[in-house]
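Participant:
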Amino acid sequence: MAFHRASQAEVNLSALRDNFTLVRKLLPPTTEILAVVKADAYGHGVLPCAKTLLDAGANGLGVAIGNEGIELRENGIKRPILVMGGFVPEEIGDLIHHNLEITLHEKNQAIAIAQEAHRQNKCVKVHLKIDTGMGRLGTLPSAVADLVNYINSQKSLQLVGVSTHLATAEWEDKQHSREQIEKFKAITTPLKKKGTLFPILHCANSAGIINHPESWFDCVRPGIMLYGAFPSTRLDAVLAESGAENPKLKPVMTWKCRLLQIKDVPKGTPLSYGAIFTTQRDSRIGLIGVGYADGLHRQLSNKMELLIRGKRVPQVGRICMDSTLVDVTDHPEIKVGDEAVIFGRQNDACIRVEETAENCGTVSYELLCAVGQRVPRVYIDPARPQRGSK
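Heads up, the sequence shown is in our numbering, so the first residue is 9 and it goes up one at a time.
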């Protein structure tokens, strides 16, 4: 697809839909899917992605913070939206006003929400999060019974879900995740026997969906896998070693740019800041108008490849704020104006974002979320071409 900017992120909504369908096929038909669209849909653009996922059959949407849920409501999304992260007391009124489901992590939150819900004459749907081994948000197991009793005593609160979050679901050693899952069962089973009503238990993130079927419960929370990336390259290796089926996830984002310059330089030429790369031969060095201000991590300097004309070419020299150098010496057919792909697909070739992330010691989540505001998102939908948009 031709483009007329120095850089853009092409978001393939057909691939997003296909990844959702893959998740749906992995699960029993009764298992609900809460599609996670936090952090601007992992950098892909929340509104087009949210609408695509709901149209594909998602039962609801998961966000991290209140403002993300409010943005969806203000843009016409009426389906269930769960705020999964923390919040400050000043937010509670807006969360309730916009009919967002709220995750509770401790009793004082429940008290504050109950009071504000009563003031607004509303009944708020809440989920109770239990910390079974993540050590982050969530009530401790010893406090669960008291918190559940309080919620059930309040007419302005309705307990609709209980959740936890897996810390090591992508690991080959499954012991910690299994302990978390068993602890979650041990806490919630007695509550059910006592007659506590909560329609859904949910635990599985993307890695849990792929690697721990026992974590599926009533609902799952896929995030990164919807956008075509594995939680880590570790999980890819785990599946290969175990012989388990590897979901064929389709990359949703292709980060494209164009070659703005090519120059011939002699052997021994130092390149970019710090002269950390020196040409070892007479070379053709190209320049793209993308740098760390756009989200291309400086730590990737001399550690990554790009696709140009379907061929991998090495990045060379220090990545700058607004530009980056590539060595195109081995491909004389490459010329100024050619498309370069930082990650994603180019015809039949692909550089997965997980590979690029591993090269700088991080994860695909961070690279996708880091693609900056200077990089416009362009939406395509090959399966439904009339719906593609910019």
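Quick reminder that beta carbons are idealized off the backbone N, C-alpha and C, glycines included.
Give the single residue among L112, H52, K133 and Q307 whose Cα lies nearest to the Cα of V386.
Facilitator: If we check each option's Cα against that of V386, H52 comes out closest.
Participant: Pick helix, strand or coil for C358, following the three-state DSSP scheme.
Facilitator: strand
Participant: For a quick check, are the C-beta atoms of R466 and I327 less than 7 Å apart?
Facilitator: The requested residue 466 is not part of the displayed model; the chain covers only 9 to 398.
Participant: For E98, does the count of other Cβ atoms within 10 angstroms reach 16, so buried, or fall short, so exposed?
Facilitator: A residue is called buried once 16 or more other Cβ atoms fall within 10 Å of its Cβ, and E98, having fewer, is exposed.
Participant: Mind reading off the beta-carbon distance from L165 to V134? Whole number of angstroms is fine, and I expect it under 8 Å.
Facilitator: Contact flag correct, Cβ pair sits at about 6 Å.
Participant: By the 10 Å Cβ neighbour count, where 16 or more other Cβ atoms means buried, how is P274 classified, buried or exposed?
Facilitator: exposed
Participant: From the DSSP output, which residues share a beta bridge with K137?
Facilitator: For K137, DSSP records a beta bridge to S171.
Participant: My assumption, with CB atoms under 8 Å, is that E187 sits in contact with G141. Please give the rounded CB distance.
Facilitator: 6 Å
Participant: Leaving out five residues on either side along the sequence, give the residues of the same chain with a beta carbon under 7 Å from the beta carbon of G299.
Facilitator: I327, C328, M329, D330, S331 and T332
Participant: Return helix, strand or coil for P259, following the three-state DSSP convention.
Facilitator: coil
Participant: Could you tell me whether the Cβ atoms of P255 and L30 are closer together than 7 Å?
Facilitator: yes
Participant: Starting from S291, follow its DSSP beta bridges and name the residues at the other end.
Facilitator: V273
Participant: Using 8 Å for Cβ pairs, my map puts I110 next to V96. What's the rounded Cβ distance?
Facilitator: Contact doesn't hold; Cβ gap of about 13 Å is too wide.
Participant: Please confirm whether D335 and S291 have their CB atoms less than 7 Å apart.
Facilitator: yes
Participant: Using the Cα positions of V228 and A17, report the straight-line distance between them to the nearest angstrom.
Facilitator: 28 Å
Participant: Terminal residues of the continuous alpha helix (DSSP H) containing C57?
Facilitator: In the DSSP annotation of this structure, the continuous segment of the alpha helix (DSSP H) that includes C57 starts and ends at V54 to A64.
Participant: Going by beta carbon distance, what residues of the same chain come within less than 7 Å of D357, once the five residues before and after it are set aside?
Facilitator: In the sequence as displayed, the identity of residue 357 is Ala instead of Asp. Closer than 7 Å at the Cβ level, and outside the excluded window around A357, lie L315 and G318.
Participant: Identify which residue in T172, E178 and G236 has its Cα closest to the Cα of G216.
Facilitator: E178
Participant: Does DSSP put I104 in a helix, in a strand, or in coil?
Facilitator: helix
Participant: Measuring alpha carbon to alpha carbon, tell me which of A49, Q123 and L103 ends up nearest Y373.
Facilitator: Ranked by Cα distance from Y373, the first of A49, Q123 and L103 is A49.
Participant: Is it the case that the region 27-45 contacts the region 54-73, given that we only count it when at least three CB pairs across the two stretches are under 8 Å?
Facilitator: yes
Participant: Are F238 and E362 close, meaning C-beta to C-beta below 7 Å?
Facilitator: yes
Participant: Could you tell me if S309 is buried or exposed, where buried requires 16 or more neighbouring beta carbons within 10 angstroms of its beta carbon?
Facilitator: By the Cβ neighbour-count rule, S309 is buried, with 16 or more other Cβ atoms within 10 Å of its own.
Participant: Within the same chain, show all residues whose beta-carbon is closer than 6 Å to that of R87, passing over the 5 residues directly before and after it, in chain order.
Facilitator: The answer, listed in chain order, is L62 and G68.
Participant: Check whether the Cβ atoms of W263 and I138 lie closer than 7 Å to each other.
Facilitator: Not a contact, by the Cβ cut-off of 7 Å.
Participant: Residues in the same chain with beta-carbon distance under 8 Å from A72, minus the five sequence neighbours each way, listed in chain order, please.
Facilitator: K46, A47, V91, M92 and G93
Participant: Within 10 angstroms of the Cβ of R392, are there 16 or more other Cβ atoms? Answer buried if so, exposed if not.
Facilitator: exposed
Participant: Within 10 angstroms of the Cβ of A58, are there 16 or more other Cβ atoms? Answer buried if so, exposed if not.
Facilitator: Result: buried.
Participant: If you check the beta carbons only, do Y158 and A120 fall under 7 Å apart?
Facilitator: no
Participant: So L7 and G297 are in contact, right, with Cβ under 8 Å, and what is the actual spacing, rounded?
Facilitator: As displayed, the chain neither begins before 9 nor continues past 398, which places residue 7 out of reach and without an answer.
Participant: Straight-line CA distance for A122 to C211?
Facilitator: 25 Å
Participant: From F225 to I208, what does the alpha carbon distance come to, in whole angstroms?
Facilitator: 8 Å
Participant: Run the CB neighbour count on V371, radius 10 Å, all protein chains shown included, and call it buried at 16 or more, exposed below.
Facilitator: Around the CB of V371, 16 or more other CB atoms lie within 10 Å, so the residue is classed as buried.
Participant: Kindly provide the ranges of any beta strand (DSSP E) runs that are 3 or more residues long and lie completely inside the region 201-233, ordered along the chain.
Facilitator: Fully enclosed beta strand (DSSP E) runs of 3 or longer: 208-212.
Participant: Going by other Cβ atoms of all chains shown within 10 Å of its Cβ, with 16 needed for buried, is V355 buried or exposed?
Facilitator: Per the sequence shown, the amino acid found at residue 355 is Asn instead of Val. Classification for N355: exposed.
Participant: Where does P97 sit, in a helix, a strand or coil, going by DSSP?
Facilitator: helix
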